[in-house]
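Protein sequence lines, in the order shown, are assigned to chains X and Y. Note that the numbering used here has the first sequence beginning at 1, numbered continuously upward. Note that the numbering used here has the second sequence beginning at 1001, numbered continuously upward. Everything below concerns the one structure shown next.
There are 2 protein chains.
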Amino acid sequence: MERIYIETLLKEKPQKAKLTGWVHRINSLGQVNFVILRDKTGVIQLVMTKEQLENLKLETPITVIGKVVENPKAINNIEMQVEDLNLLGKVYDSLPFEINKKTIQAKLETQLDNRTIALRRPNIRAIFKIQQEIEEGFKTYLKSKNFSQIHTPKIIDSSTEGGSEMFTVDYYGRRSFLAQSPQFYKQMMVGAGFERVFEIGHAYRAELHNTWRHLSEYISLDVEMGFIENEEDIMKLEEDILNYIFSHLNKTCKKELDMFNITLEENFKIPRISLKEAQDILLEKFNKRSPIGNLDAEGEKIFSKYVKETYNSDFIFVTEYPISKRPVYTMPHESKKEVTRSFDLIYKGLEITTGGQRIHDYKMLIENIKKFDMKPENFEFYTDTFKYGMPPHGGFAIGLERLTMQILNLTNIREASLIPRDLKRIKP
Amino acid sequence: MERIYIETLLKEKPQKAKLTGWVHRINSLGQVNFVILRDKTGVIQLVMTKEQLENLKLETPITVIGKVVENPKAINNIEMQVEDLNLLGKVYDSLPFEINKKTIQAKLETQLDNRTIALRRPNIRAIFKIQQEIEEGFKTYLKSKNFSQIHTPKIIDSSTEGGSEMFTVDYYGRRSFLAQSPQFYKQMMVGAGFERVFEIGHAYRAELHNTWRHLSEYISLDVEMGFIENEEDIMKLEEDILNYIFSHLNKTCKKELDMFNITLEENFKIPRISLKEAQDILLEKFNKRSPIGNLDAEGEKIFSKYVKETYNSDFIFVTEYPISKRPVYTMPHESKKEVTRSFDLIYKGLEITTGGQRIHDYKMLIENIKKFDMKPENFEFYTDTFKYGMPPHGGFAIGLERLTMQILNLTNIREASLIPRDLKRIKP
Chain X
1 MERIYIETLL
11 KEKPQKAKLT
21 GWVHRINSLG
31 QVNFVILRDK
41 TGVIQLVMTK
51 EQLENLKLET
61 PITVIGKVVE
71 NPKAINNIEM
81 QVEDLNLLGK
91 VYDSLPFEIN
101 KKTIQAKLET
111 QLDNRTIALR
121 RPNIRAIFKI
131 QQEIEEGFKT
141 YLKSKNFSQI
151 HTPKIIDSST
161 EGGSEMFTVD
171 YYGRRSFLAQ
181 SPQFYKQMMV
191 GAGFERVFEI
201 GHAYRAELHN
211 TWRHLSEYIS
221 LDVEMGFIEN
231 EEDIMKLEED
241 ILNYIFSHLN
251 KTCKKELDMF
261 NITLEENFKI
271 PRISLKEAQD
281 ILLEKFNKRS
291 PIGNLDAEGE
301 KIFSKYVKET
311 YNSDFIFVTE
321 YPISKRPVYT
331 MPHESKKEVT
341 RSFDLIYKGL
351 EITTGGQRIH
361 DYKMLIENIK
371 KFDMKPENFE
381 FYTDTFKYGM
391 PPHGGFAIGL
401 ERLTMQILNL
411 TNIREASLIP
421 RDLKRIKP
Chain Y
1001 MERIYIETLL
1011 KEKPQKAKLT
1021 GWVHRINSLG
1031 QVNFVILRDK
1041 TGVIQLVMTK
1051 EQLENLKLET
1061 PITVIGKVVE
1071 NPKAINNIEM
1081 QVEDLNLLGK
1091 VYDSLPFEIN
1101 KKTIQAKLET
1111 QLDNRTIALR
1121 RPNIRAIFKI
1131 QQEIEEGFKT
1141 YLKSKNFSQI
1151 HTPKIIDSST
1161 EGGSEMFTVD
1171 YYGRRSFLAQ
1181 SPQFYKQMMV
1191 GAGFERVFEI
1201 GHAYRAELHN
1211 TWRHLSEYIS
1221 LDVEMGFIEN
1231 EEDIMKLEED
1241 ILNYIFSHLN
1251 KTCKKELDMF
1261 NITLEENFKI
1271 PRISLKEAQD
1281 ILLEKFNKRS
1291 PIGNLDAEGE
1301 KIFSKYVKET
1311 YNSDFIFVTE
1321 YPISKRPVYT
1331 MPHESKKEVT
1341 RSFDLIYKGL
1351 EITTGGQRIH
1361 DYKMLIENIK
1371 KFDMKPENFE
1381 FYTDTFKYGM
1391 PPHGGFAIGL
1401 ERLTMQILNL
1411 TNIREASLIP
1421 RDLKRIKP
């Protein structure tokens, strides 16, 4: 007999079935006993005899064969009367915290120390089903628009993008770095003839503070597109991708979204506002001062709330960041002084994207590197491509864990990372 | 007017069109001039006047609008008479090597130094279209079989799997390592209730030799499956995945496979043979001695040829490797002495996979770690999960670049890595 998933059993209601999973709960009543079995797809009540219950501990992996019968008192009104029971593995210890109650009575830190135990709860695994489908939606949409998937190196030679926040690697005796982003490589791949590329891969930040919204290792969803008019094309693309992802999640993750009481809107437009306007509104309406050329975390929160109330949008593109506050490769505006063709995307009070048009002219790029007091020779691996005909291009990156966290209204980004890494955490 | 791709133009043959791309070749004949335009999807002949040709250098990114007409002398019998020409970027230097001739007259090393130039050739970019679709096929098949995609950390605390070949990372002052494989984490995720998982991610090996088949940073296609009978389930799964990938490539990459004159067979079975039998055949039929408990590179080549002639198969599963030659987590055979439930997959003379059943019993795993003269406390982050009911499981990994190389009969694995990293190479 082939094993079927609990989800399939609940749909098809066969008379007899074989199930496999872990013992989630035991309710021992003497001669008749109820055991909740948990597999990847759900839970079901098993009815067992006293003899069958012997040696059965919580979390034992088992296989059962039995009759499927209706019982209005059981979860989903269905139970299995176990005829055949097989223990597939052993339990050697009692759990560090209970996982079969309504909530886990353990701090997030303890849950993360015992991540594989916490993940046995369906509502924690659900976060990663949703994360997987965010990634899938991202990829599917971009493939349909002729983007190529790339994998670029994470061990890099020079700390061109702000060295202090980079991890160093001993690369055969040479001091190297873990890439903060695939920025340079994705631009180079546009120039290499792929025209449009995306990458789903790890990015590394040696963050010196432990906050609720930073990870030392995270997944970056990166996009770069050639032959654009300007940064408007890039914002339009991101708007389209996010719309696609949300529809995709509504289609593929209904059960999981329901666990978090989340309804995702579709066919939304994202308003755009310049940084200066945003700062002015913050100051005038909320008496909130912003740092030069940026919004701070508190400002993002307040402004997002204002946008929600004013435009009924969870998202807002903030545009036209000043030259001095954006990376060296950012395209300056030709007609507006001191500002760039760049943007951030803020979602429910948190920045989830930085993007914009890039400089594509070789000379202009070299000049800009000098203006930033950097050495052009450190950038040759990158700028060389620009010598041989680089088209106008731009792109952006979305932090996968940040997007997941914001979609599900989680309060700490570690909840959206399967095995998180931060200032203090390198285990498990 | 919307830009269309050259591939689309050739199919739809509109009367007028707008194209965008790079100047691939210039044939200047005076009043009438032929320019080959190259975009992501193909090449086409443009007819230009003398005036239009001014300032046009090889590899300039341009946009053209013009009439599409038939011309039996042009590539694909179609050309565009350019009415409107726009230069989108500038060329500042002549190419390090010619890319518009039948072959590149430059060594692989030079091509890799100027990777983004070499990649402008359609037949080099084709390698990565195929690689992308290998990955896509792998993922699509596994998703259809209820596997979850995971991302596990690449910065890890301990060098549990053979420290000498690992890169060290300075992690906030703590000596850490880049993961050689997601082995421990994928097993843990089976135990965490995902049951079946796969990962597509970077893996790192500090290889101390520069060979045609090793990279320091590569993409590992990892699979781990719970609730199995034994390693046969795993080999069957890999056989099914490879069949699916090959059909998928035939469907999605016909043009690219044709560039390499590759036809991929479908519906194939992979024969299985024990390591001992393989070694005996090598010795008896080819007078080739093997190292204890393994085949060497030459042995893999000779044996593969023998398998091709005997079973008409490009693949062969070699099974039952000895305990002493397999990692500490490998499941020993209960009835056959000194051998494990493990396998390698050899494809056209090269090992592309190592896999097998793993030990799932906590006590047995701890005992085995001790037998291998290792310290159980170094493995706690991994073995802790096994205390709480681990089901029988197993898995394997395929090196993405190796599979790509073997499918296309490339001679050096660096050709199958977009930006390769090796003992000597950390640029671009």
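Just so you know, even glycine gets a beta-carbon here, dropped at the ideal spot from N, CA and C. Remember, it's a predicted structure, so these values are computed and weren't measured experimentally.
**Message:** Within the continuous beta strand (DSSP E) that includes X:R429, where are the two ends?
**Reply:** Nothing can be reported for residue 429 of chain X: it is not among the residues displayed for chain X, which extend from 1 to 428.
**Message:** Can you check which of these residues, X:P271, X:A297 and X:M48, is closest to X:T310 by C-alpha distance?
**Reply:** Here residue 310 of chain X corresponds to residue number 310 of the first sequence, with the count starting at 1. Out of X:P271, X:A297 and X:M48, X:P271 has the C-alpha closest to the C-alpha of X:T310.
**Asked** For Y:M1080, which three-state DSSP category applies?
**Response** The residue you call residue 1080 of chain Y lines up with position 80 of the second sequence. DSSP, reduced to helix, strand and coil, places Y:M1080 within a strand of the structure shown.
**Asked** With distances taken from CA atoms, which of Y:R1121, Y:T1252, Y:T1263 and Y:I1234 is nearest X:G191?
**Response** The sequence position of residue 191 of chain X within the first sequence is 191, counting from 1. From the listed residues Y:R1121, Y:T1252, Y:T1263 and Y:I1234, the smallest Cα separation to X:G191 is found for Y:R1121.
**Request:** Going by DSSP, name the residue or residues bridged to Y:M1001.
**Result:** For the purposes of this step, residue 1001 of chain Y is taken as residue 1 along the second sequence, with counting starting at 1. For Y:M1001, DSSP assigns no beta-bridge partner whatsoever.
**Message:** Across the stretch 1410–1428 of chain Y and the stretch 144–155 of chain X, are there enough close Cβ pairs to call them in contact, namely three or more that are closer than 8 Å?
**Reply:** The stretch 1410–1428 of chain Y vs the stretch 144–155 of chain X: in contact.
**Asked** Is any beta-carbon of chain Y found at less than 7 Å from that of X:Q132?
**Response** Residue mapping note: residue 132 of chain X aligns to position 132 of the first sequence, counting from 1. By this cut-off, X:Q132 is an interface position.
**Reduced DSSP secondary structure (H/G/I, E/B, other) of Y:R1460** = The requested residue 1460 of chain Y does not occur in the structure, where chain Y is confined to residues 1001 to 1428.
**Prompt:** Across which residues does DSSP place X:Y347 in a beta bridge pair?
**Reply:** Sequence index remark: in the first sequence, residue 347 of chain X carries index 347 (1-based). Partner(s): X:F315 and X:L350.
**Request:** For the beta strand (DSSP E) holding Y:D1170, just list the boundary residues, first then last.
**Result:** To locate residue 1170 of chain Y, count along the second sequence from 1; it is residue 170. It spans T1168 to Y1171 - the beta strand (DSSP E) in which Y:D1170 sits, taken as one unbroken run.
**Interfacial residues, the stretch 382–395 of chain X to chain Y, with Cβ spacing under 9 Å** = Cβ contacts with chain Y: Y382, D384, T385, F386, K387, Y388, G389, M390, P391 and P392.
**Message:** Just to make sure I have the definition right: I need the residues of chain B whose C-beta is within less than 7 Å of the C-beta of X:D170. Which are they?
**Reply:** Among the protein chains of the structure shown, namely X and Y, there is no chain B.
**Request:** Between the Cα of X:R414 and those of X:L119, X:Y171, X:S164 and X:G394, spot the shortest distance and give me the residue it belongs to.
**Result:** Working through the first sequence from its first residue, we reach residue 414 of chain X at position 414. Closest option to X:R414, judged by alpha-carbon separation, among X:L119, X:Y171, X:S164 and X:G394: X:L119.
**Request:** May I have the straight-line CA-CA distance separating X:E95 from X:N250, to the nearest angstrom?
**Result:** On the first sequence, residue 95 of chain X is found 95 positions in, with the first residue counted as 1. On the first sequence, residue 250 of chain X is found 250 positions in, with the first residue counted as 1. The residue asked about is misnamed: residue 95 of chain X is Leu in this sequence, not Glu. Straight-line Cα distance between these residues: approximately 34 Å.
**Asked** Hey, quick one: how far does the alpha helix (DSSP H) through Y:G1389 stretch, first residue to last?
**Response** On the second sequence, residue 1389 of chain Y is found 389 positions in, with the first residue counted as 1. Neither: Y:G1389 is in no alpha helix (DSSP H) and is coded neither H nor E.
**Prompt:** Looking at C-alpha atoms only, which residue of Y:E1083, Y:I1075 and Y:F1128 is the closest neighbour of Y:L1053?
**Reply:** Translated into positions along the second sequence, residue 1053 of chain Y becomes position 53. Looking at the Cα atoms, Y:E1083 is the closest of the given residues.
**Message:** If I measure Cβ to Cβ from X:K308 and keep anything under 7 Å in the same chain, skipping five residues before and after, which residues do I get?
**Reply:** Residue 308 of chain X sits at position 308 when you count from the first residue of the first sequence. Same-chain partners within the cutoff: D314.
**Request:** State yes or no: is the beta carbon of X:W212 nearer than 7 Å to at least one beta carbon in chain Y?
**Result:** Taking the first sequence and counting its residues from 1, one reaches residue 212 of chain X at position 212. Closer than 7 Å: no.
**Prompt:** If you run the structure through DSSP and keep just helix, strand and coil, what is Y:V1032?
**Reply:** The residue given as residue 1032 of chain Y occupies position 32 in the second sequence. Residue state for Y:V1032 is assigned as strand, using DSSP reduced to three classes.
**Asked** To which residues does DSSP link Y:S1220 through a beta bridge?
**Response** Mapped onto the second sequence, residue 1220 of chain Y falls at position 220. DSSP lists Y:G1201 and Y:G1399 as the bridge partner or partners of Y:S1220.
**Request:** Using a Cβ-Cβ cut-off of less than 8 Å, give me the residues of the stretch 188–208 of chain X that come near chain Y, in sequence order.
**Result:** Only those residues of the stretch 188–208 of chain X whose C-beta falls short of 8 Å from the nearest C-beta of chain Y are listed: M188, M189, G191, A192, G193, F194, E195, R196, G201, H202, Y204 and A206.
**Item:** First and last residue of the uninterrupted alpha helix (DSSP H) at X:I241
**Value:** The residue you call residue 241 of chain X lines up with position 241 of the first sequence. Per DSSP, the continuous alpha helix (DSSP H) segment holding X:I241 begins and ends at E231 to T252.
**Prompt:** Taking the alpha carbon of Y:I1323 as the point to measure from, which residue in Y:S1342, Y:G1399 and Y:V1169 has its own alpha carbon closest?
**Reply:** By one-based count along the second sequence, residue 1323 of chain Y stands at place 323. For the residues Y:S1342, Y:G1399 and Y:V1169, the minimum Cα distance to Y:I1323 belongs to Y:S1342.
**CB-CB length for X:K288 against X:I302, believed under 8 Å** = Against the first sequence, residue 288 of chain X aligns to sequence position 288. Against the first sequence, residue 302 of chain X aligns to sequence position 302. Indeed, because the Cβ distance is near 6 Å, the residues count as touching under 8 Å.
**Message:** Using CA atoms only, rank isn't needed, just tell me which of Y:E1109, Y:S1176 and Y:K1424 is closest to X:T168.
**Reply:** Within the first sequence, the letter at position 168 stands for residue 168 of chain X. The shortest C-alpha separation from X:T168 is found at Y:S1176.
**Request:** Anything in chain X within Cβ reach of Y:Q1045, meaning under 9 Å, just list it in chain order.
**Result:** Position 45 of the second sequence, counting from 1, holds the residue named residue 1045 of chain Y. Correct list: empty, because the minimum Cβ distance to chain X is about 18 Å.
**Message:** Relative to the C-alpha of Y:R1038, which candidate in Y:I1062, Y:L1275 and Y:E1231 has its C-alpha closest?
**Reply:** Position 38 of the second sequence, counted from the start, is the residue given in the question as residue 1038 of chain Y. That would be Y:I1062, whose Cα lies nearest to the Cα of Y:R1038.
**Asked** How would you call Y:Q957, buried or exposed, if buried means at least 16 neighbouring beta carbons within 10 angstroms?
**Response** Any question about residue 957 of chain Y goes unanswered here, given that chain Y covers just 1001 to 1428.
**Asked** Are the CB atoms of X:I26 and X:V35 nearer to each other than 7 Å?
**Response** Your numbering for residue 26 of chain X matches position 26 in the first sequence. Your numbering for residue 35 of chain X matches position 35 in the first sequence. Cβ atoms of X:I26 and X:V35: closer than 7 Å.
**Message:** Output needed in chain order: residues of the stretch 1352–1385 of chain Y with a Cβ under 9 Å from some Cβ in chain X.
**Reply:** Flagged, chain order: H1360, D1361, Y1362, K1363, E1380, F1381, Y1382, D1384 and T1385.
**Request:** Assuming Y:S1304 and Y:G1356 form a contact by the criterion Cβ under 8 Å, report the distance between their Cβ atoms to the nearest whole angstrom.
**Result:** Translated into positions along the second sequence, residue 1304 of chain Y becomes position 304. Translated into positions along the second sequence, residue 1356 of chain Y becomes position 356. Between Y:G1356 and Y:S1304 the Cβ distance is about 20 Å, and since that is not below 8 Å, they are no contact.
**Prompt:** Which residues of chain X have a Cβ atom closer than 9 Å to the Cβ of Y:E1109, listed in chain order?
**Reply:** Sequence index remark: in the second sequence, residue 1109 of chain Y carries index 109 (1-based). Going along chain X, no residue has its Cβ under 9 Å from Y:E1109, so there is no contact; the nearest lies around 15 Å.
**Prompt:** What are the start and end residues of the alpha helix (DSSP H) that includes X:K186?
**Reply:** As a working mapping, residue 186 of chain X is identified with position 186 in the first sequence. Per DSSP, the unbroken alpha helix (DSSP H) holding X:K186 starts and ends at Q183 to M189.
**Prompt:** Could you give the residue range of the beta strand (DSSP E) that holds Y:R1175?
**Reply:** Along the second sequence, read from residue 1 onward, the residue named residue 1175 of chain Y stands at position 175. First-last of the beta strand (DSSP E) with Y:R1175: R1174 to L1178.
**Request:** Please list, in chain order, all residues of the same chain as X:F128 whose beta carbon is under 7 Å from its beta carbon, the five residues on each side excluded.
**Result:** The count along the first sequence starts at 1 and reaches residue 128 of chain X at position 128. Around X:F128: L418.
**Asked** Pairing CB atoms from the stretch 1230–1248 of chain Y with CB atoms from the stretch 1256–1268 of chain Y, are three or more of them under 8 Å?
**Response** Touching, per the Cβ criterion.
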